[in-house]
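Residue numbers (the numbering used here), protein chains in the order written: chain A, 108 to 502; chain B, 1132 to 2176; chain C, 4 to 206.
Glycine included, each C-beta is placed from N, C-alpha and C at the ideal position.
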Ligand SMILES: Nc1nc2c(c(=O)[nH]1)N[C@H]1C(S)=C(S)[C@@H](COP(=O)(O)OP(=O)(O)OC[C@H]3O[C@@H](n4cnc5c(=O)[nH]c(N)nc54)[C@H](O)[C@@H]3O)O[C@H]1N2
Ligand SMILES: Nc1nc2c(c(=O)[nH]1)N[C@H]1C(S)=C(S)[C@@H](COP(=O)(O)OP(=O)(O)OC[C@H]3O[C@@H](n4cnc5c(=O)[nH]c(N)nc54)[C@H](O)[C@@H]3O)O[C@H]1N2
Ligand code: SF4
Ligand code: SF4
Ligand code: SF4
Ligand code: SF4
Ligand code: SF4
Ligand SMILES: [Mo]
């Protein structure tokens, strides 16, 4: 029983807030999407080849926006560039700075090699704005010879192989940002980077499914979900199921260990499981975000329905946002020197920024899928179904 | 060394250190020159350093842009010294540091003759002097200077432009303010208030009786009533002006709401009614101190030295502290292995019961210091090596209905021979204390012979005696003083005492056991907690009496009357600041204090009519003074008379007086018919000041002059000396004086050509007239008295004069003193006052500064005084009385526990001083409201948690507040921190010339308990519940209910 | 000379037996360092402990520990947090980007964002005063004389002696931060956080 009452102390509000949580969410999505795209190109699993481009486009689009949250959260945003030369070898963020530059660079080149052929073809077969755009995007390399294409594939493999670890690192390091901090019981575990990675895969897959459904239906040349596309999406749904299983398992392990760790760790677990964060954690993060999608991807009826699967996918997004908030903010709410949770109130300007960035994200994705040959070249009057097919074959 | 060089000298070290870890980048190029504005690259915003002290050599390099000036703090009433750090460019105060010469700032304090420059080492690392000689100021002392720069500070005279208290003002010229308040007239005609208001000139009538039927009350001049709360070292000025120059007796300090009952109890204990000594425990030398309330580290006067000494005495000395308090306050720093908490959660108002129980226990267990008490005279005590003696053995006539009942038996009454020569005073006794009355031939029973003897003829008296003596053939019952105390103690059983103070018998015995097991190194300390009850006087007596029973008076670790001060505003070596030609006020004080009811015109009239003169219309308090809280109730009752002009200065009676402010009082104050003219002198729109007709701006303590003495507890003599350390923010009069109380009173005095002001206002020691045209004139002369008292202080030398920068600062005032006086006054101002050296604390095991008169177990004056309600004589010694109304019914009878389960008390705020400092930003930032604090157990019963909204209901009102659940509040008690719940002072907006001065949302938060405090419903007129003997307004016996909202 | 060469290592000892809980330190720090409203470089934590009526009150002045092994130092991505060669941990306000990572990393709640300057801020051990041979503001005004400041590497210094001759405590030793603020007589129940309310699930 407690025999202490606090008389005087001061508040210590949470410092890393919702902007950081959302930043982690974005990088997670990006990494997840990239890994999926690499399944076809790097790990040579044929059936995933058709979504490789979509995955990379997403990865890039998401990572274009993600860092804005970081910068937006700075008290001195105009000084962000100093991150590039005032390095601290002990600081995870210092490394992050470079990962955050290398990874998208690599992905862009990787994407270019995947699309060069379409650009080259488009440059000749298409007309109007697209033609000009594609001609430009070939950067003067319109060579469609076998060797040239083979060389592309080689580069695709190389860059993809480099991209995968980069993607994992980009998101892994965010895990380290938290894991390295001994002060915060909820963060300070070797599992943290893995947990972040798995939730990244879950949400990445979730978003990919949604994007595929929408873009293939409305923005692909065929403007339709062909049976094979549908099959593939459901198949990715099954992948997601396994990610969920692993993610859930990691969570369980983490909490078991927390319960056996020090007072702070124990309290952290309590706060999430029984305390003020119960609904956000059990309800939203686990229930809505993991359990429901798992069931939907498990039951023979729902797992075959695009509708249910997309619902499940959507839930994973909600769930992973909740997870980022629970861990980033919840982790800091656990008191270090007081007897109550550290207060946190999201700054309105931050919420505004998050909204604006989200819109920007959607626009970018739309434009990318609308104008880039993610699903190959659009049918044009001259081109026959055959060479459209051919156009498809190469992938 | 010029500014630039100084910059460099600091800059260099800076760069050296930062050069580690390739941090050169960290030192901006601006460094060298921006040094002042931006002292370091490490902290743009930190203040520039006042000096540089070489840690190895101790050589000091002053920052030429900064001045350090010695002053005196008024963050609270403790009057600690300080050093004010001032930016020479802006003339603004940057920060406040302690004054190492001042005993309230440092333990030990620097020898007075230490060169000024050396005293700066107390800031530095050199030889750890910054720790060893550290001089501190407390939380409020650090912050108080911000009130000088309060954006809403009143800087020009204001005249009300609406109804009283309506908050509409218009600025007027100084001349108009003086002219109108002096000459009176139809002052508020433009607001349809026609009718002529008498000004100071009309009221200054020392011949016409204010009440023709009963001229005895005094002349019309008495209808000028001045309430000046805080004794800040300026108080002597208005006091002299009102009581002597103007000739009204009605000058009031805030004693009556500030622990007066304790002070009066000490007057009786020490039988010294002129100078007003009181005692505190000498913590540093003691082994065991019982703090009845008055927790050191909570509040206390003086707060800072009490807190520091108590901490050091516990950490480094042998002192154990026990805190008897309904609230667990700071002050006890238990050794980690203390087996029981030293907190004694007493029932409010029960201190007398606890103390009298301890007295009874000591008698029963034979633990009283019999040998000490048996010595009837100084000589007899000296033989035993005792530094003090008591009247324990003196015989008192106790024969009921005997005309001399309550009087000491005189030798001549029983035909004893009387001695020729009287006893000499103690060598090191105070001059004041020296003034002993002609020796009276008291009688004691001689231990050896068993016969009554003149005390001068026996060295060993019988301490407990009850028997008969024969006075002109009649058998008369007499008792020794100590016997009377014992009989009082035996009136109640331990069970009854335990019940009354809410402690177990066992705890009481344990406390007694411990208290009486430390010889003379145990002592008691108390203040507002005990005294602010209707039984405050007798409870205080009981608490004080414990010290007499162990015989600790004048002993190291015992009770000390403290060092006191030097001759200042008095008849000094240089000037006589008391003498004012026919400066004697006549009649009675409106507060019904300082005079026996039996001497009043009312008594005489009723007696003449042959009716029973008791009870008096409203109670009289003959033994007490400065009963601020009685003044307005008297006015409302028109008894003894009403007032024509009320002046408020440094006071907030409506806020600060428990049980006073209600609608009836506000209505009374608001209606000009009742008090035709109210003049407030204030720096802000205070809760009370806002009801003024005119507001006169004033200088704050950093802009004014003063000679503040230090509160007791300092064993050595000390006098602060305060002079303006900054250019006052207020404008100056045509005569060049800053708008201030002093400037105002002097102009008034000159207009009315009152004695004691003007070119011939003050006689010097030779009787020649000296000028009294400014505050400086008055206070510099007081400082000259201090400087020349005893062996005069040295003359200041050239270097110090230059260091302290006094000459240029004080140029305008050269005419106030003679050149030879200046040299010494400079010396004193450079050090912020005059302070006796620390080595004068003790002479061996006794105190150096001793109280040199007999200690009163029984006080004759007290025993002969009659209760103006019943006409009965008062007990002449300590006794237990439950808290009660004037008609004798106890509070618990009238408000029984089953209806009023809680007792609410208040305690002093940590970040404020009374109602004051509520306008200091940094303190408000730390705390801007108070709480309804209650015990965990009580809270559980009521389902209350910290933060819940609750309603506090008392017999006189209710208030909503926020609950704070504590372990350290007595069960059945509720504590409310004082100093919050303002309705003025920034909490209410007002307009000046139609322009609004908005209220600050951070002000006015919290609950003011005074609005809920009890009134004495047994009186015909609205009157706070008061101690009829000690005069205190009761603020700690408030019965209440608590409701969760 | 060798003496002079010897590197300094500043530290503070807070002797709680002498802490009267007055908060003069808190106020003087705010004024000396112009700390903005609502923010504190130092503060005094107070608790009540025991079962009524056996209750005792404890105090704990708090400030940056200037850790020898400082997580904040490691965390700062732009080296704005740095260590002066006398061991003091400082922040270069001209280079702090305000990422607040150091605040998440500090196990002692010592840091906050200065809302006006928009950088991280914390106790500097009054570096600007110490450079000038003076003592920190909070030490100079410490009413009880609880706060003692000096060079740990000088065995003759008061701090060194206090640490040598008393049983001293530091906050969260298990964090291996090696704090340079030492306490004498700190109660275990005031030194860290208190989770009981949280575990009860109080929302
Ligand atoms: N911080 C601070 N210090 C101050 C002041 C201030 O306003 N703030 N004011 C100064 C002034 S003007 C004065 S007069 C002194 C006053 O110094 P104190 O008299 O010591 O201060 P108070 O808080 O009035 O009362 C002391 C204690 O009495 C307790 N108490 C209440 N009722 C009872 C009771 O019936 N019995 C006992 N034993 N205790 C009781 C209260 O809980 C409180 O802790 O302080 C001075 N110092
Ligand atoms: N409930 C409760 N009531 C209490 C107490 C308590 O503990 N509890 N404490 C009592 C005690 S001990 C005391 S001493 C009194 C204190 O009460 P007061 O003696 O009234 O003193 P303050 O409340 O400090 O108010 C002084 C007023 O003077 C004005 N003032 C401030 N500075 C200056 C200045 O420089 N010049 C001028 N001209 N005016 C200035 C301000 O308007 C301020 O409100 O309160 C008493 N009342
Ligand atoms: S105790 Fe009072 S007088 Fe002394 S420093 Fe503090 S506020 Fe000033
Ligand atoms: S206490 Fe916190 S801020 Fe200070 S040095 Fe240690 S980790 Fe850094
Ligand atoms: S907030 Fe400033 S000091 Fe703290 S880590 Fe970020 S850059 Fe460094
Ligand atoms: S050392 Fe200076 S900065 Fe640090 S807490 Fe003390 S006063 Fe504040
Ligand atoms: S100033 Fe000293 S005594 Fe007062 S609270 Fe701070 S550390 Fe304690
Ligand atoms: Mo007071």
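Requested in this report: Could you tell me which chain A residues have their CB closer than 8 Å to the CB of residue 155 of chain C, listed as they occur along the chain?
Outcome: For the purposes of this step, residue 155 of chain C is taken as residue 152 along the third chain, with counting starting at 1. Within 8 Å Cβ-Cβ: nothing; residue 155 of chain C doesn't reach chain A, min ~24 Å.
Query raised in the report: Is any heavy atom in ligand 5 found nearer than 8 Å to the beta carbon of residue 81 of chain C?
Result: Position 78 of the third chain, counting from 1, holds the residue named residue 81 of chain C. Yes.
Query raised in the report: Using a Cβ-Cβ cut-off of 8 Å (strictly less than) and excluding sequence neighbours within five positions of residue 436 of chain A, which residues of its own chain qualify?
Result: In the first chain, counting from the first residue as 1, residue 436 of chain A sits at position 329. Hits under 8 Å: 121, 123, 124, 125, 128 and 451.
Query raised in the report: With respect to 8 Å, is the separation between the Cβ of residue 2178 of chain B and the closest non-hydrogen atom of ligand 2 below this value?
Result: Because chain B here runs from 1132 to 2176, residue 2178 of chain B falls outside it and cannot be looked at.
Query - DSSP bridge partner residues for residue 1422 of chain B (one or two, in chain order) - result: Locating residue 1422 of chain B in the second chain gives position 291, counting from the first residue. Answer is B/1454 and B/1656, bridged to residue 1422 of chain B.
Requested in this report: Count the other C-beta atoms from every protein chain shown that fall within 10 angstroms of the C-beta of residue 261 of chain A, then say buried if there are 16 or more, exposed otherwise.
Outcome: Within the first chain, numbered from 1, the residue matching residue 261 of chain A stands at position 154. Residue burial annotation: residue 261 of chain A is exposed, with fewer than 16 other C-beta atoms found within 10 angstroms of its C-beta.
Query raised in the report: Cβ of residue 2036 of chain B within 8 Å of any heavy atom in ligand 8?
Result: The residue labelled residue 2036 of chain B in the question sits at position 905 within the second chain. Checking the 8 Å criterion, the Cβ of residue 2036 of chain B is out of range of every heavy atom belonging to ligand 8.
Requested in this report: Please report how far the alpha carbon of residue 1250 of chain B lies from the alpha carbon of residue 1241 of chain B, in whole angstroms.
Outcome: Against the second chain, residue 1250 of chain B aligns to sequence position 119. Against the second chain, residue 1241 of chain B aligns to sequence position 110. Straight-line measurement puts the Cα of residue 1241 of chain B at about 8 Å from the Cα of residue 1250 of chain B.
Query raised in the report: Can you list, in chain order, the residues of its chain whose CB lies under 7 Å from that of residue 1560 of chain B, leaving out five sequence neighbours each side?
Result: Walking along the second chain from the start, residue 1560 of chain B turns up at place 429. Unreliable positioning characterises residue 1560 of chain B in this predicted model, as indicated by a pLDDT of 46, which lies under 50. A coordinate reading is not provided.
**Report entry** CB contact check: residue 194 of chain A to chain B, cutoff 9 Å
**Finding:** Position 87 of the first chain holds residue 194 of chain A. No, because no Cβ of chain B sits closer than 9 Å to the Cβ of residue 194 of chain A.
Requested in this report: List the residues of chain A that residue 64 of chain C touches, going by C-beta distances under 9 Å, in chain order.
Outcome: Sequence index remark: in the third chain, residue 64 of chain C carries index 61 (1-based). Neighbours of residue 64 of chain C on chain A: none; closest Cβ ~11 Å, over 9 Å.
**Report entry** Residues bridged to residue 1584 of chain B (per DSSP)
**Finding:** Taking the second chain and counting its residues from 1, one reaches residue 1584 of chain B at position 453. Answer is B/1575.
Report task. Could you name the residues of the region 2094-2126 of chain B whose beta carbon sits closer than 9 Å to any beta carbon of chain A, in the order they occur along the chain? Result -> 2095, 2096, 2097, 2098 and 2099
Query raised in the report: Helix, strand or coil: which one does DSSP assign to residue 11 of chain C?
Result: Against the third chain, residue 11 of chain C aligns to sequence position 8. DSSP places residue 11 of chain C in coil when its eight states are reduced to three.
Query raised in the report: According to DSSP, which residues form a beta bridge with residue 1202 of chain B?
Result: As a position in the second chain, residue 1202 of chain B is number 71, starting the count at 1. Answer is B/1213.
Report task. Answer with yes or no whether the minimum CB distance from residue 2067 of chain B to chain A is below 9 Å. Result -> Counted from its first residue, the second chain places residue 2067 of chain B at position 936. Closer than 9 Å to some Cβ of chain A, the Cβ of residue 2067 of chain B qualifies, so yes.
Query raised in the report: Looking only at its own chain, which residues have a Cβ that is under 8 Å from the Cβ of residue 183 of chain C, when we skip the five neighbours before and after it?
Result: Residue numbering aside, residue 183 of chain C sits at position 180 when the third chain is read from its first letter. Excluding residues within five positions, the ones whose Cβ falls inside 8 Å are 12, 13, 14, 15, 68, 69, 70, 71, 90 and 155.
**Report entry** Expected contact under 8 Å - CB spacing of residue 190 of chain C and residue 61 of chain C to nearest Å
**Finding:** Taking the third chain and counting its residues from 1, the one referred to as residue 190 of chain C is at position 187. Taking the third chain and counting its residues from 1, the one referred to as residue 61 of chain C is at position 58. Confirmed, about 4 Å.
**Report entry** the region 1255-1280 of chain B: positions lying closer than 7 Å to chain C by Cβ
**Finding:** 1255, 1256, 1257, 1259, 1261, 1262, 1265, 1267, 1268, 1269, 1270, 1273 and 1274
Query raised in the report: Which residues mark the beginning and the end of the alpha helix (DSSP H) in which residue 1825 of chain B is found?
Result: As a working mapping, residue 1825 of chain B is identified with position 694 in the second chain. Run containing residue 1825 of chain B: none in the alpha helix (DSSP H); it sits in the beta strand (DSSP E), 1825-1827.
Query - Residue closest to residue 1427 of chain B, alpha-carbon to alpha-carbon, out of B/1995, B/2063 and B/2041 - result: Indexing the second chain from 1 puts residue 1427 of chain B at position 296. Of B/1995, B/2063 and B/2041, the smallest CA-CA separation from residue 1427 of chain B is found for B/2041.
Query raised in the report: Is residue 248 of chain A close to chain B, meaning its C-beta is less than 9 Å from at least one C-beta of that chain?
Result: The residue labelled residue 248 of chain A in the question sits at position 141 within the first chain. Not closer than 9 Å to any Cβ of chain B, the Cβ of residue 248 of chain A fails to qualify, so no.
Query raised in the report: In terms of residue numbering, what span does the beta strand (DSSP E) encompassing residue 1120 of chain B cover?
Result: Since the first and last residues shown for chain B are 1132 and 2176, residue 1120 of chain B lies out of range.
Requested in this report: On a CA-only basis, which of A/230, A/251 and A/255 is nearest residue 244 of chain A? Give me that one, please.
Outcome: By one-based count along the first chain, residue 244 of chain A stands at place 137. The candidate whose alpha carbon is nearest that of residue 244 of chain A is A/230.
Query raised in the report: How would you write the range of the beta strand (DSSP E) that residue 154 of chain C sits in, first residue to last?
Result: As a working mapping, residue 154 of chain C is identified with position 151 in the third chain. Boundaries of the beta strand (DSSP E) around residue 154 of chain C: 150-154.
Requested in this report: For residue 395 of chain A, decide whether its Cβ has a neighbour in chain B, counting only Cβ atoms nearer than 9 Å.
Outcome: Reading the first chain from its first residue, position 288 is the one you call residue 395 of chain A. Closer than 9 Å: no.
Query raised in the report: Going by Cα to Cα distance, which pick from B/1546, B/1607 and B/1850 is closest to residue 1695 of chain B?
Result: Numbered from 1 along the second chain, position 564 holds the residue referred to as residue 1695 of chain B. With distances taken between Cα atoms, residue 1695 of chain B lies closest to B/1850.
Query raised in the report: Buried or exposed: residue 1565 of chain B, going by 16 or more other Cβ atoms within 10 Å of its Cβ?
Result: The sequence position of residue 1565 of chain B within the second chain is 434, counting from 1. At residue 1565 of chain B the pLDDT is 49, less than 50, meaning the model places this residue with poor confidence and gives no usable figure here.
Query raised in the report: Expressed to the nearest angstrom, what Euclidean distance is found between the alpha-carbon atoms of residue 276 of chain A and residue 251 of chain A?
Result: Along the first chain, read from residue 1 onward, the residue named residue 276 of chain A stands at position 169. Along the first chain, read from residue 1 onward, the residue named residue 251 of chain A stands at position 144. Going by the C-alpha atoms only, they are around 35 Å apart.
**Report entry** In DSSP terms, what residue 172 of chain C is bridged to
**Finding:** One-based indexing of the third chain puts residue 172 of chain C at position 169. The partner list for residue 172 of chain C (beta bridge, DSSP) reads C/186.
Query - Span separating the alpha-carbon of residue 462 of chain A from that of residue 162 of chain C - result: Looking up residue 462 of chain A in the first chain gives position 355. Looking up residue 162 of chain C in the third chain gives position 159. If you take the alpha carbons of residue 462 of chain A and residue 162 of chain C, they lie about 54 Å apart.
Query raised in the report: If you count every other CB in all the chains shown that lies within 10 Å of the CB of residue 119 of chain C, and 16 or more means buried, which is it?
Result: Residue mapping note: residue 119 of chain C aligns to position 116 of the third chain, counting from 1. Answer is exposed; the Cβ neighbour count stays below 16.
Query raised in the report: How many Å lie between residue 1711 of chain B and residue 1784 of chain B at the Cα?
Result: If you number the second chain from 1, residue 1711 of chain B lands on position 580. If you number the second chain from 1, residue 1784 of chain B lands on position 653. Near 29 Å, if we compare the C-alpha coordinates of residue 1784 of chain B and residue 1711 of chain B.
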